[in-house]
Amino acid sequence: MCGRQCLTLAPKDIVCACKYSTKIGDEKKDMEPEWRAEYNLGRKYEGSHNIAPTDITPVLVSAKHFDEAEVDGNRRVLVPMMWGMIPFWHKGDYRKHGLTTNNCRLESMLTSKLYSRPFTKGQRCVILCEGFYEWQTTKPVKKSSERAAYFIHAPQSSDDFQIYDKSTWNGENINLLKMAGLYDIWTDSNGDKIYSYSVITFQSNDVLNWLHDRMPAILETEEQISDWLNCGQISNNPALSALKPAKKLCWYQVSNEVNNSRNKSPTCNKPLSKEDIKKLAMIKTPKQSNMLTSWLIKSENKSNIKKEQGENFEIKKEITDSVPVKREKSEKDDESEAKRLKKSE
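Each residue of the sequence shown is one higher than the one before, starting from 1 at the first, in the UniProt record's numbering.
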């Protein structure tokens, strides 16, 4: 599953990070994708540390979909599109179709009314991001908002390269995370078009099943990217069969401030320290447990007090029983003493 993304690069830097080698005619050339800014109802890509569905992000597609002169389909273009495919049959406000379409389940894609059409038309794309956020669903929590949030990204060129700290990049190109997807084109009542996409997901493998039972279809090699984009040379069934769960990924826990899609702070993808993780775990301890602990402590204290009171009572009783009591003489005692003395006389 993929619910949030992070992509902060400027368009020129994204183009640079998407360089590729391809065969043009009989020659192999190093290429850069062309940035193609479609109208998209006036909406544009804006870099963000917390990209949510309905936001605009750039995706890679084959130039063949935009240039009829493109013969072999090897050239690529970058097109900003809205995350969350708009159903082609929808009428009215494009944001109010009522469906959750940020993810597309691979298992039901071929029979889906929404996804089977763009897939059949070869409208395959590659979604680019610095990483995506996922919330752990494999551990029980009282509230969904208490689930631990993680940032997942692709391995980088060196251990010194910290994806959350651009000062460590040192001019190196970031290894963007690349996810397989489908895109479609929706037209409003005025004839204006907007491009939108969905991320393909399937069952998680051993790499991420500790976090969530679903994961995006991540493309790890240049060959995988090329085969997925080149619908002219690689037909749908082989392309679909080639999608496999990623084997090499990196991740770390982040603050739950990313839960709020309006929070675009640069701290969203910063890793939590070990101390912060411990504090967060303490805060998330269910209140029932705290109340139970408090009740047990109070009960134990009361029991101790009663026990102490009982011990004091036994001590007092023991002292009373062991010490002889001195009686005052009565008149009857005096008469008896007088009779005894008279007899002795």
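Glycine is no exception: its CB is placed at the ideal position from the N, C-alpha and C atoms. Predicted model, so just to flag it, every value in this text is computed and none were measured.
Residue(s) in a DSSP beta bridge with residue i
i    : result
P216 : T201
N40  : Beta-bridge pairing links N40 to no other residue.
M282 : M282 is not bridged to any residue.
W4   : The residue asked about is misnamed: residue 4 is Arg in this sequence, not Trp. BP columns for R4 point to Y133.
T57  : M81
D184 : S196
A149 : W135 and V254
D30  : S21
R117 : Bridge partners of R117: none, in fact.
L177 : C129
N103 : V199
P11  : In DSSP, P11 forms no bridge with anything.
S48  : L7
W228 : Answer by DSSP bridge pairing: none, since W228 is not bridged.
P271 : V254
Under 9 Å between C-beta atoms of residue i and residue j
i    : j    : result
F132 : Q253 : no
T57  : L114 : no
P80  : Y195 : yes
A217 : P238 : no
T54  : R95  : yes
Y39  : R76  : no
T8   : E130 : yes
S189 : A52  : no
M85  : P118 : yes
L240 : Q136 : no
V126 : M179 : yes
L219 : G73  : no
K44  : A37  : yes
T101 : P87  : yes
H49  : C2   : no
D213 : T138 : yes
R4   : V61  : no
Candidates the options: closest to residue i by CA position
i           : options                   : result
P271        : P216, I225, A148 and D213 : A148
A17         : R214, T187 and E32        : E32
K78         : D26, P87 and A63          : Position check: residue 78 holds Leu in this sequence, whereas Lys was assumed. When each option's Cα is compared against that of L78, the closest is A63.
H155        : K248, K91 and H49         : His is not the amino acid found at residue 155; the sequence shown has Pro there. When each option's Cα is compared against that of P155, the closest is K248.
W89         : W251, F66 and I185        : I185
N173        : K139, S158 and S273       : S158
G191        : E275, W169 and K91        : K91
H65         : E134, G122 and K139       : G122
S204        : S226, G181, E134 and D160 : E134
I225        : N170, C2 and T22          : T22
residue 346 : V59, I24 and L208         : Outside the shown range of the chain, which is 1 to 345, sits residue 346, and nothing can be said about it.
L41         : D93, R4 and L280          : D93
I277        : L176, E146, W169 and A242 : E146
W251        : G181, G47, L177 and L280  : L177
S144        : K279, M109 and N256       : N256
Inter-stretch contact at 8 Å, needing at least 3 Cβ pairs: the stretch 9 to 21 / the stretch 229 to 237 = no
Segments assigned beta strand (DSSP E), at least 3 residues, entirely inside the stretch 59 to 96 | Within the stretch 59 to 96, the beta strand (DSSP E) runs of at least 3 residues that lie entirely inside it are, in chain order, 76 to 83.
Flag this pair as touching only if the stretch 92 to 112 and the stretch 196 to 204 have three or more C-beta atom pairs under 8 Å; answer yes or no.
-> yes
Report yes or no: do the stretch 153 to 167 and the stretch 265 to 281 share at least 3 C-beta pairs separated by less than 8 Å?
-> yes
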